[in-house]
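Report on the following structure.
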Amino acid sequence: MIIGISILGCSIGSRDKVPLEVQAHIEETNEVRILNKHTTTNIQGVYYVGKIFGEKTILQWVEKEGFNGKIQLLVTVDVEEDRVLKVEVLDHQETDSYGGYITEDWFLDRFIGKDPQYQLVAAKVTAKNPEDISIVTGATITSEAVINAVNDAMENYLRIKKEEFKR
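The sequence shown begins at 1 in the UniProt record's numbering and counts up one residue at a time.
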């Protein structure tokens with residue numbers, strides 16, 4: 001579900017829709033910036049959130065085509081540590097038997113701590129390198145869609161960091 005919200009006294013119009021999951025994170029802080037100029041074909045929303053999980057973060061609402069339809073993710077990256085903090089599945093059309101496993105912590109936790117400077121790679125058997133992500137057996141297309149969505153978010157994050165957070 002998507003709703004409009006008010007941030008820092010500024011009303012957000014209908015073109016600035018925020019997923020409920022993002023709103024939940026936004027309510028935990030008093031510093032939010034919607035970075036519309038950093039949206040792309042696959043990245044539907046980009047939000048700088050002051051302090052969440054104790055860190056300054058970029059949240060990106062990403063869509064990618066899976067086996068049965070669109071997969072929507074929320075990818076959270078720590079701005080100070082340049083690491084993925086969390087990947088959440090917002091919505092998907094995958095089957096519960098295989099593709100549905102992408103919602104499980106044992107799969108999503110594989111992304112935590114990944115460095116945005118390195119492209120993630122689908123590992124068919126066992127992850128051997130830091131950028132490898134072991135896929136869900138029987139759900140290769142679905143797993144690769146999630147990996148590619150996170151890669152899109154990480155590439156976009158690097159552009160955002162360069163433009164918005166010059167050191």
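By construction, the Cβ of each residue, glycine as well, lies at the ideal position given by its N, Cα and C atoms. None of these values were measured; they are calculated from a predicted model.
C-beta contact flag for residue i and residue j at 9 Å
| i | j | result |
| --- | --- | --- |
| T41 | V49 | no |
| R159 | I112 | no |
| G99 | V150 | no |
| E65 | A153 | no |
| E55 | L85 | yes |
| E155 | P130 | no |
Alpha carbon of residue i to alpha carbon of residue j, nearest angstrom
| i | j | result |
| --- | --- | --- |
| residue 178 | I71 | With the chain covering only 1 through 167, there is no way to say anything about residue 178. |
| L74 | D91 | 10 Å |
| D109 | S134 | 11 Å |
| A122 | G69 | 20 Å |
| E80 | Y101 | 31 Å |
| V89 | E27 | 19 Å |
| I43 | T126 | 29 Å |
| N148 | W106 | 18 Å |
| W61 | T29 | 18 Å |
| D132 | V22 | 27 Å |
| H38 | T140 | 29 Å |
| Y47 | N36 | 8 Å |
Exposure of residue i, with buried meaning 16 or more beta-carbon neighbours within 10 Å
| i | result |
| --- | --- |
| G45 | buried |
| E31 | exposed |
| K162 | exposed |
| F165 | exposed |
| L59 | buried |
| S143 | buried |
| A24 | exposed |
| Y118 | exposed |
For residue j and residue i, believed in contact at Cβ under 8 Å, the rounded distance
| i | j | result |
| --- | --- | --- |
| V87 | Y157 | Actually they are not in contact, since the Cβ atoms of V87 and Y157 sit about 13 Å apart, beyond 8 Å. |
| K128 | L120 | Between L120 and K128 the Cβ distance is about 13 Å, and since that is not below 8 Å, they are no contact. |
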